[in-house]
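If you read the sequence shown in the numbering used here, its first letter stands for residue 11, the second for the next number, and so on.
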Amino acid sequence: GLVGLKIHAKATLIVRQEKDGPRTYCHMGTGNYHSKTARLYTDLGLVTCDPVIGRDIVNLFHYLTGYAPEQPYKKAIVAPRDMRNKIYEYINQEIEFQKQHNNGRIIAKMNALDDVGTIRELYRASQAGVQIDLIIRGHSRLRPGLEGFSENIRIVSILGRFLEHDRIFYFHNNDQPITLIGSADWRNRNLSERVELSVPVENPSLQKRLIQLLNIALNDNRLAWDLGADGQYRLRRAADAQTEYNAHQILMQQALERMA
């Protein structure tokens, strides 16, 4: 471990000797490697043999175990080294695309939001016209829906059968989507005081699935609580003629269909 930093990243690395030499297989996730929470939490994981990510994870483990100084990462985003700056960079990209193409868009799903610097960047993005949806189960220090300040930000909390624990980040990137999963919420303790890991999900079909998961949460009208500009949460209910849309029920049904 590292003095003064809690390791909160979730990663597994396998190095396998194959005919053409050693090859890396990595698993990076949003949840703990824990059998009890696996039954109760909603989490995501990515398994990949991408050699670039593999080299990044090798470097991360070397750093954590003291075998080598920390090296620059090519695809992995690691806190406290560079995660905060990368978040700012992605938000600022959406501001620029909003100015140029009027299509700035951010969707982020996490457990909590309290990092002051990130909140300021999100306020700036809202004021530039970027449309922002935040799915935050727990507390948020950001106040959405304030006219002239954060009217382009919406926050919803999903509370149901399972504990929402996955972290998904989507940036429209001028119709070239950037999607990431990771271990970190946008909290000061995660970005500055812990070793955290986020990785890009670049496979188009997996990107599509992540976006689908975000939209399922955003469209919920059974478990969703909307945070208002007054700081109060209000339970979202289906209108009389509207079909009830329960995010957790939909995810369970999809899982059963895949196993059938």
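A virtual CB, placed ideally from N, CA and C, is assigned to each residue, including glycine.
Asn-213 to Leu-56 span [Cα, whole Å]: Asn-213 and Leu-56 have their C-alpha atoms some 11 Å from each other.
Given 8 Å, three or more beta-carbon pairs between the region 125 to 145 and the region 189 to 203: By the Cβ test, the region 125 to 145 is in contact with the region 189 to 203, since at least three Cβ pairs between them sit closer than 8 Å.
Exposure of Met-38, with buried meaning 16 or more beta-carbon neighbours within 10 Å: With 16 or more other Cβ atoms within 10 Å, it is buried.
C-beta contact flag for Asp-176 and Lys-96 at 8 Å: Against a cut-off of 8 Å, the Cβ pair of Lys-96 and Asp-176 comes out as no contact.
Cβ-Cβ distance between Arg-151 and Ile-129 below 8 Å: Yes; because the gap between Cβ atoms is below 8 Å, this pair is in contact.
Residue range of the unbroken alpha helix (DSSP H) whose run includes Val-166: Here Val-166 belongs to no alpha helix (DSSP H); instead the beta strand (DSSP E) covers 163 to 168.
Rounded distance between the beta-carbons of Leu-228 and Ala-166, thought under 8 Å: Before going on, a small fix: residue 166 reads as Val here, not Ala. Sure, about 7 Å apart at Cβ, within 8 Å.
When Cys-36, Ala-21, Leu-74 are compared against Val-13, the one with the closest alpha-carbon: Nearest C-alpha to Val-13 among Cys-36, Ala-21, Leu-74: Leu-74.
Cβ-Cβ separation, Thr-34 to Leu-23 (assumed contact under 8 Å), whole Å: Under the criterion of beta carbons closer than 8 Å, Leu-23 and Thr-34 qualify as touching, at roughly 7 Å.
Whole-angstrom distance between Asp-66 and His-82, CA atom to CA atom: It should be pointed out that residue 82 corresponds to Pro in this sequence rather than to His. Computed Cα separation, rounded: 8 Å.
Nearest-angstrom beta carbon gap, Asn-231 and His-246 [assumed within contact, 8 Å]: A small correction: the amino acid at residue 246 is Arg; His does not occupy that position in the sequence shown. Indeed, because the Cβ distance is near 5 Å, the residues count as touching under 8 Å.
Residue nearest to Asn-183 in terms of C-alpha spacing, selected from Ile-101, Pro-90, Ser-202, Val-209: Considering only alpha carbons, the answer is Ile-101.
Reduced DSSP secondary structure (H/G/I, E/B, other) of His-72: In the three-state reduction of the DSSP assignment, His-72 falls in the helix class, which pools H, G and I.
Status (buried if at least 16 other CB within 10 Å, exposed otherwise) for Arg-171: In the assembly as shown, Arg-171 is an exposed residue. Its beta-carbon has fewer than 16 other beta-carbons within 10 Å.
Strand pairing of Ile-191, partner residues [DSSP]: Secondary-structure assignment with DSSP links Ile-191 through a beta bridge to Ile-178, Val-209.
Identity of the residues DSSP links to Lys-85 by a beta bridge: According to DSSP, Lys-85 shares a beta bridge with no other residue.
Presumed contact (8 Å Cβ cut-off) between Arg-204 and Ala-21, rounded CB distance: No, Arg-204 and Ala-21 are not in contact; Cβ-Cβ is about 14 Å, not under 8 Å.
Alpha helix (DSSP H) runs wholly inside the region 212 to 252, at least 4 long, in chain order: Contiguous alpha helix (DSSP H) elements confined to the region 212 to 252 occur at 214 to 228, taking only those with 4 or more residues.
Rounded C-alpha distance that separates Pro-79 from Ala-234: Cα to Cα, the separation comes out at about 45 Å.
For Ser-150: DSSP bridge partner residues: Within the DSSP bridge table, the entry for Ser-150 names Leu-123 as partners.
Contact check, Thr-40 vs Gly-192, beta carbons under 8 Å: Yes; because the gap between Cβ atoms is below 8 Å, this pair is in contact.
Alpha-carbon spacing of Asn-121 relative to Asp-236, whole angstroms: Distance between the alpha carbons of Asn-121 and Asp-236 is about 15 Å.
Rounded Cβ spacing between Gly-155 and Gly-238 (contact assumed at less than 8 Å): Contact flag correct, Cβ pair sits at about 6 Å.
Helix, strand or coil at Leu-144 according to DSSP, with G and I counted as helix: Here Leu-144 sits in strand by DSSP.
Rounded straight-line distance, which links the Cα of Met-269 to that of Ser-45: The straight-line gap from Cα to Cα measures roughly 20 Å.
Distance between Thr-52 and Asp-185 (C-alpha atoms, nearest Å): When rounded, the distance between both Cα atoms is 28 Å.
Which of helix, strand or coil DSSP assigns to Thr-40: DSSP places Thr-40 in coil when its eight states are reduced to three.
Residue range of the beta strand (DSSP E) that includes Arg-26: Segment 21 to 28, the beta strand (DSSP E) holding Arg-26.
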